[in-house]
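As they're listed, the protein sequences go chains H and W. Quick note, the numbering used here runs 114 ahead of the 1-based positions in the first sequence. Quick note, the numbering used here runs 43 ahead of the 1-based positions in the second sequence. No residue lacks a Cβ here, since even glycine has one placed at the ideal position from N, Cα and C. As the structure is a computational prediction, the values presented were derived from the model and not from experiment.
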Amino acid sequence: MVGGMKYILLKTFRDIRETIGSFISILVVIFIGCFFFAGIIEATSAVTKQVDGYAADLNTASARAAYMYVNSAAVDEIGEAEGVKLAAGYNTFYAKLKGTRTDVTLTTLTPDIDKPDVLRGKLPERKKDDGFIEIIVDKVYAEAHKIKLGDTMELTVDTLDRIELPSMNMSYKKLDYKCRVSGIYHAIDVLYKVDVMNTAATAEEFVMAMVNVEDVPLFTDTAGIYSGANPILPFSSLEQAGITVYNGIRTLGTPENAKEVFGAYTVDTEDAEQALKQIQDMLKNPSAAAGLFVNVMEFDEYPAVVAYDGINDAISALAAVLPFIFFAVAAAITVISLSKTVDNQRMQIGVIQAIGVGKGAVYFSYIFYALFACVIGGLTGGIVGTYTVPYLLEFIYEGQFAMPPTPLDIGVLYLFLGVVVAAALACVSAFLSCHRTLKAVPAQAMRPKPPKKTKRILAERWTGLWKRLGFGAKMNLRNMFLHKIRMLLSSVGIVGCLALLIGLVGLKDNMAFSFNHYDAQSGYDMAVYLLDAADVAAEYAKMEESGTVEKLTFVPAFSAKFTHGKKSADQTVMALPSADDVRKYEYCDVDCVKLYTDMSQKTRLKLKTDTFAIPEYLADKLDVKAGDVVTISGRALDGKTAEFDVKVTDIVYEYFEQKAYCSYGFFEERGIALAADTAYVNAARDAEINAVAKKIENAEGVRGVQTFRESFGILEDRMSLLDYAVILFVIGAGVLAVAVIYNITATNLKERTREIATLMVLGYKKRETANMLIVENMVITAIGCLLGLPLGFLLLKWLVGVTETFGVFISSFMSWYTALGCMALTFLFSLVATMFLNRKMKKISMVEALKSVE
Amino acid sequence: MSLIEFKNVSKIYRLGEVEIPALDGVDFAIEEGEFVVVLGASGAGKSTILNILGGMDTATGGEVNVAGDDITKYNAKQMTLYRREKVGFVFQFYNLITNLNALENVEFAASVTQNHLDPAKTLDDVGLSERAKNFPSQLSGGEQQRVAIARAIAKNPLLLLCDEPTGALDYKTGKMVLKLLENVNAEYKKTVVLITHNSAIAPMADKVIHVKSGKVEAIDINENRMSVDSIEW
Ligand SMILES: Nc1ncnc2c1ncn2[C@@H]1O[C@H](COP(=O)(O)OP(=O)(O)OP(=O)(O)O)[C@@H](O)[C@H]1O
Ligand SMILES: [Mg+2]
Chain H
115 MVGGMKYILL KTFRDIRETI GSFISILVVI FIGCFFFAGI IEATSAVTKQ
165 VDGYAADLNT ASARAAYMYV NSAAVDEIGE AEGVKLAAGY NTFYAKLKGT
215 RTDVTLTTLT PDIDKPDVLR GKLPERKKDD GFIEIIVDKV YAEAHKIKLG
265 DTMELTVDTL DRIELPSMNM SYKKLDYKCR VSGIYHAIDV LYKVDVMNTA
315 ATAEEFVMAM VNVEDVPLFT DTAGIYSGAN PILPFSSLEQ AGITVYNGIR
365 TLGTPENAKE VFGAYTVDTE DAEQALKQIQ DMLKNPSAAA GLFVNVMEFD
415 EYPAVVAYDG INDAISALAA VLPFIFFAVA AAITVISLSK TVDNQRMQIG
465 VIQAIGVGKG AVYFSYIFYA LFACVIGGLT GGIVGTYTVP YLLEFIYEGQ
515 FAMPPTPLDI GVLYLFLGVV VAAALACVSA FLSCHRTLKA VPAQAMRPKP
565 PKKTKRILAE RWTGLWKRLG FGAKMNLRNM FLHKIRMLLS SVGIVGCLAL
615 LIGLVGLKDN MAFSFNHYDA QSGYDMAVYL LDAADVAAEY AKMEESGTVE
665 KLTFVPAFSA KFTHGKKSAD QTVMALPSAD DVRKYEYCDV DCVKLYTDMS
715 QKTRLKLKTD TFAIPEYLAD KLDVKAGDVV TISGRALDGK TAEFDVKVTD
765 IVYEYFEQKA YCSYGFFEER GIALAADTAY VNAARDAEIN AVAKKIENAE
815 GVRGVQTFRE SFGILEDRMS LLDYAVILFV IGAGVLAVAV IYNITATNLK
865 ERTREIATLM VLGYKKRETA NMLIVENMVI TAIGCLLGLP LGFLLLKWLV
915 GVTETFGVFI SSFMSWYTAL GCMALTFLFS LVATMFLNRK MKKISMVEAL
965 KSVE
Chain W
44 MSLIEFKNVS KIYRLGEVEI PALDGVDFAI EEGEFVVVLG ASGAGKSTIL
94 NILGGMDTAT GGEVNVAGDD ITKYNAKQMT LYRREKVGFV FQFYNLITNL
144 NALENVEFAA SVTQNHLDPA KTLDDVGLSE RAKNFPSQLS GGEQQRVAIA
194 RAIAKNPLLL LCDEPTGALD YKTGKMVLKL LENVNAEYKK TVVLITHNSA
244 IAPMADKVIH VKSGKVEAID INENRMSVDS IEW
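Pasting the structure below:
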């Protein structure tokens with residue numbers, strides 16, 4: 115059979131040349147599908163591999179546990195625990211660059227775990243005689259501020275000063291250190307560029323630094339456990355007993371029940387007596403493991419890792435779904451153009467079989483047509499995608515993360531997977547296209563195709579209208595109604611195009627809406643993160659006198675677990691002042707956060723004492739309506755736990771700062787302390803917001819300040835990643851629509867050349883005949899739009915769901931102007947494709963068209 | 044034994060509820076090397092006979108023996124093999140592969156068959172060696188039909204089956220095509236079965252099978268076969 119095959123192939127290649135337009139349109143759609151599929155999945159996998167590999171190279175801690183304190187005996191014990199390869203005690207400090215608003219996360223070096231990747235300079239040496247201590251600072255900050263080796267900087271470090279009994283409240287003292295930069299490094303925490311407080315994630319205002327553990331003490335000299343003014347237990351006694359304590363443990367390898375292993379030595383922090391006793395015991399027996407455990411985070415829970423993986427996962431989710439729109443469209447146009455080709459070649463199919471060629475070979479010739487388009491389009495698209503998108507993604511990520519200096523490890527798995535998927539679809543659609551003609555006996559193929567039952571179409575029954583229609587319109591209507599399936603298939607491309615447009619443009623649109631809402635919702639100028647509320651109130655009072663500030667509101671919070679039936683979710687409950695509260699409290703502003711009970715921001719929610727409002731996303735998640743009762747359990751800032759049932763009175767719309775809200779009075783009634791770690795402040799004049807922020811930041815009792823504009827900007831930055839996706843997919847959608855309409859038009863023209871030629875013989879002008887095809891295309895586009903609209907909405911909903919991994923909950927409505935705009939764009943694409951038709955139309959010659967017998 | 048034997052062959056088409064008996068107990072025999080004309084009115088069942096004989100369609104009942112084998116027993120694969128090695132077809136509407144040129148069309152058919160003739164020579168035999176590189180759309184109807192005949196001959200088949208090969212041609216061209224078939228029959232000693240509804244052609248055959256309403260009405264044997272040159276219609 116090898117001989118016959120040669121001619122079958124030859125024929126197929128010439129078929130391809132003859133229908134080059136259709137062929138290219140299939141190829142292009144597959145190209146884009148594979149480009150996205152292979153490109154994006156490979157890109158996310160490559161950057162993940164790159165980051166994971168980098169993390170492994172640096173022995174990044176697989177768990178980091180935070181303690182109030184933990185002694186080295188405990189560190190040693192944890193090092194022996196099942197699943198832990200290595201454990202080391204270290205200290206973390208919150209610090210500031212002195213006199214600036216720049217946050218510093220200062221951690222101490224540990225041998226072998228969390229090794230810094232020193233890019234320039236060297237690891238810090240012990241403190242020099244000149245009073246400087248050596249530090250290494252992260253590359254991102256160093257680059258943003260042109261830090262050179264040997265530069266000096268002064269750090270103000272929050273150092274633990276007192277643990278108060280019986281509340282166990284900790285207070286800190288700011289100690290200043292003169293530092294010299296000994297090296298610039300690149301570590302995994304820098305990579306993620308998110309500080310632990312998540313208050314300032316911009317490179318300009320956030321620096322990570324590492325230092326030798328001996329150079330920065332964990333406690334002040336006078337630190338200890340106090341009751342009133344007197345130290346019950348000065349920490350200096352620990353040192354005298356030769357006991358080293360840390361406030362964190364890093365491990366390589368994670369124990370099975372991390373919380374239990376790390377928390378093994380802890381005592382109930384609510385019971386101050388026990389904590390005191392533990393330290394006293396430790397003094398008696400220094401080799402006994404002891405510590406007050408706060409929490410542990412495993413690698414994939416690090417806030418930075420969560421942020422990075424979230425974005426990466428969202429992008430690969432896009433890649434895993436969106437390309438299938440392209441594949442589906444490719445399959446549809448393959449079926450359309452191939453089944454028309456098969457129809458046109460019925461007789462030839464019969465003849466080839468008459469010659470003695472098996473059906474297999476005939477199937478092959480059509481499958482080859484589709485497969486060839488898929489393999490060429492898929493391979494090129496896949497290759498281009500695989501070798502460009504990862505670099506593009508790395509480049510985009512560089513705006514958001516500090517990517518490792520290691521090269522990307524690009525594989526070809528997804529390239530081939532994409533081609534295989536596309537090829538499988540091609541085979542199936544080609545098979546379906548010629549199956550009907552081929553399953554019959556060859557003699558059947560030699561007879562003309564049984565004509566469609568020429569039923570009267572619906573419109574014909576409507577005689578009044580029918581009579582009034584022109585001949586062209588009648589022909590169009592008949593044509594369309596008699597080929598319903600084909601019309602539907604033809605519209606698949608439009609459906610895909612519109613769905614993509616609505617999905618992505620709608621997402622942007624909703625995002626913008628949510629941003630506006632966020633803007634309208636916030637009545638404060640800056641959020642102040644508190645170490646000591648009383649200090650801040652005192653500072654505020656001074657500033658108020660000088661007229662620079664005008665509003666201060668403390669926002670007590672309660673981190674809670676919500677349960678409703680079988681569903682549960684974690685959510686912070688924040689208390690805001692109600693109108694009643696305003697009378698009782700000196701500092702509070704009812705407008706610091708405006709809550710809205712409808713999306714269009716018309717209905718303000720006025721807090722009352724019994725108000726309990728939850729955000730819409732939470733209501734969805736818990737399946738709760740206003741009026742339902744939910745159970746809440748959790749721990750307030752003062753460490754007290756509580757559990758109670760509460761009736762949800764309102765659902766509020768909130769997109770970026772998800773919280774449940776109640777009034778101060780609500781907390782009071784339930785005995786929850788109004789302890790706050792955040793306060794909202796308004797400057798008297800907008801122009802002075804930054805100056806006020808700086809002033810407050812340097813005040814006693816303040817951990818940090820972030821203006822609303824800053825947090826808004828950070829969010830905008832993070833969301834701007836999406837713009838790239840939107841642009842890419844809008845281009846994709848355009849190509850999709852153009853390719854499909856072009857394909858349909860080309861095959862339509864080919865099929866109806868005789869018909870058109872006949873019309874021309876009858877005296878129809880080319881224009882008029884062209885109009886018929888334009889009308890048909892527009893009808894197909896309209897049908898596609900009709901189907902694409904709901905699909906687009908579904909896609910939008912899904913995309914909105916994906917953005918939840920970005921940590922935001924945005925609305926998912928479809929505005930009429932998005933819908934109209936996207937439809938207009940789709941029609942435009944469709945018109946552009948129809949323009950190509952004019953050229954083809956001009957080429958039709960009456961003589962040629964009517965001569966051939968087929 | 045005859046080369047071809049139709050024994051009580053029937054063919055029923057089912058169109059939903061309706062049964063159309065296209066053939067209803069057809070019996071005839073054809074000897075090797077004979078030139079046979081099948082005559083009958085439109086719808087009589089001529090093409091059905093030819094299609095069954097050529098392995099293009101299956102009979103509903105009866106036996107079709109070709110060189111001793113009952114081809115109605117063949118499965119699809121054997122059918123394909125049978126068409127490949129034993130049969131050459133010529134159709135009313137030429138049915139060349141539009142995207143292969145004249146020579147390639149002939150080569151294609153030849154390449155499928157093991158015991159084929161030289162395609163270029165066969166094309167020369169039908170007088171078209173000059174148009175070898177032309178595509179079907181560039182050839183006249185008569186020329187296309189000659190390519191189709193060359194295509195059938197090149198396979199060096201046992202049977203040459205022609206379904207109204209002159210149906211779409213003018214008198215002169217039709218005559219030329221018939222002449223060609225006559226030569227093939229004479230020179231290559233091929234058994235030729237030719238369908239026509241033009242009874243004037245009948246004298247050129249060794250045997251004329253008259254078909255009417257799915258039945259063989261009569262079989263005439265021409266003792267004195269006339270050359271097509273001397274037939275006028
Ligand atoms: N696929 C089919 N389905 C139903 N009936 C068919 C089919 N093919 C042929 N017939 C019927 O079988 C009968 C014989 O048809 P056939 O094609 O053999 O006639 P014919 O003698 O070749 O006529 P013509 O000279 O017009 O070609 C006709 O009545 C025809 O309608
Ligand atoms: Mg016939």
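Alpha-carbon to alpha-carbon, residue j and residue i
| i | j | result |
| --- | --- | --- |
| H:ARG766 | H:ALA671 | Note that residue 766 of chain H is Val in the sequence shown here, rather than Arg. If I take the Cα positions, the gap works out to 17 Å. |
| H:TYR360 | H:SER628 | 43 Å |
| H:GLU370 | H:ILE250 | 34 Å |
| H:GLU882 | H:LEU901 | 29 Å |
| H:PHE145 | H:VAL852 | 14 Å |
| W:GLN135 | W:ALA211 | 7 Å |
| H:GLN394 | H:LEU352 | 10 Å |
| H:ASP705 | H:GLY525 | 54 Å |
| H:PRO331 | H:ILE828 | 33 Å |
| H:PHE320 | H:THR206 | 15 Å |
| W:LEU46 | W:GLY76 | 9 Å |
Residue i, enclosing beta strand (DSSP E) - first and last residue
| i | result |
| --- | --- |
| H:ILE969 | Lying outside 115 to 968, the shown extent of chain H, residue 969 of chain H is not represented and no answer is given. |
| H:VAL408 | 405-412 |
| H:CYS702 | Run containing H:CYS702: none; DSSP gives neither H nor E here. |
| W:GLU230 | Run containing W:GLU230: none in the beta strand (DSSP E); it sits in the alpha helix (DSSP H), 214-230. |
| W:GLY104 | 104-109 |
| H:HIS678 | 663-678 |
Buried/exposed call for residue i, threshold 16 Cβ in 10 Å
| i | result |
| --- | --- |
| H:SER747 | exposed |
| W:ASN241 | exposed |
| H:VAL308 | Caution applies to H:VAL308, whose pLDDT of 44 falls short of 50 and renders its modelled position unreliable; the model cannot decide the point. |
| H:ASN426 | buried |
| H:TYR632 | buried |
| H:THR313 | Confidence in H:THR313 is poor, its pLDDT being 39 and thus under 50, which makes the residue's placement too unreliable to answer from. |
| H:THR365 | buried |
| H:SER834 | exposed |
Closest residue to residue i among the options (Cα-Cα distance)
| i | options | result |
| --- | --- | --- |
| H:LEU987 | H:LEU279, H:PRO400, H:VAL498 and H:LEU908 | The requested residue 987 of chain H does not occur in the structure, where chain H is confined to residues 115 to 968. |
| H:THR763 | H:THR711, H:HIS597 and H:ILE786 | H:THR711 |
| W:ALA87 | W:PHE78, W:VAL69 and W:VAL79 | W:VAL69 |
| H:THR677 | H:GLU659, H:LYS761, H:ARG718 and H:ALA445 | H:LYS761 |
| H:ALA160 | H:ASP423, H:ALA403 and H:ASP837 | H:ASP423 |
| W:ASP213 | W:LYS164, W:TRP276, W:LYS129 and W:LYS255 | W:TRP276 |
| W:GLU288 | W:THR239, W:SER256 and W:VAL227 | With chain W running from 44 to 276 in the structure shown, residue 288 of chain W is simply not present. |
| H:GLY464 | H:ALA557, H:TYR856 and H:ASP244 | H:ALA557 |
| W:ASN177 | W:ILE114, W:ILE140, W:GLU74 and W:ILE196 | W:ILE140 |
| H:VAL844 | H:ILE450, H:THR662, H:PHE440 and H:PHE726 | H:PHE440 |
Start-to-end residues for the alpha helix (DSSP H) that takes in residue i
| i | result |
| --- | --- |
| W:HIS159 | Counting along the chain, W:HIS159 falls outside any alpha helix (DSSP H), and DSSP gives it neither H nor E. |
| H:PHE530 | 527-553 |
| H:SER159 | 134-171 |
- Item | Cβ contact check for the segment 878-898 of chain H and the segment 53-61 of chain W: 3 or more pairs under 8 Å | no
- Task: Assess, as a yes-or-no matter, whether the segment 208-216 of chain H is touched by the segment 428-435 of chain H under the definition of 3 or more beta carbon pairs within less than 8 Å.
- Result: no
- Task: Mind the definition here: the segment 177-191 of chain H touches the segment 397-411 of chain H only if three or more C-beta pairs lie below 8 Å; say whether that holds.
- Result: yes
- Determine contact between the segment 528-548 of chain H and the segment 477-485 of chain H, defined as no fewer than three beta-carbon pairs at a distance below 8 Å. yes
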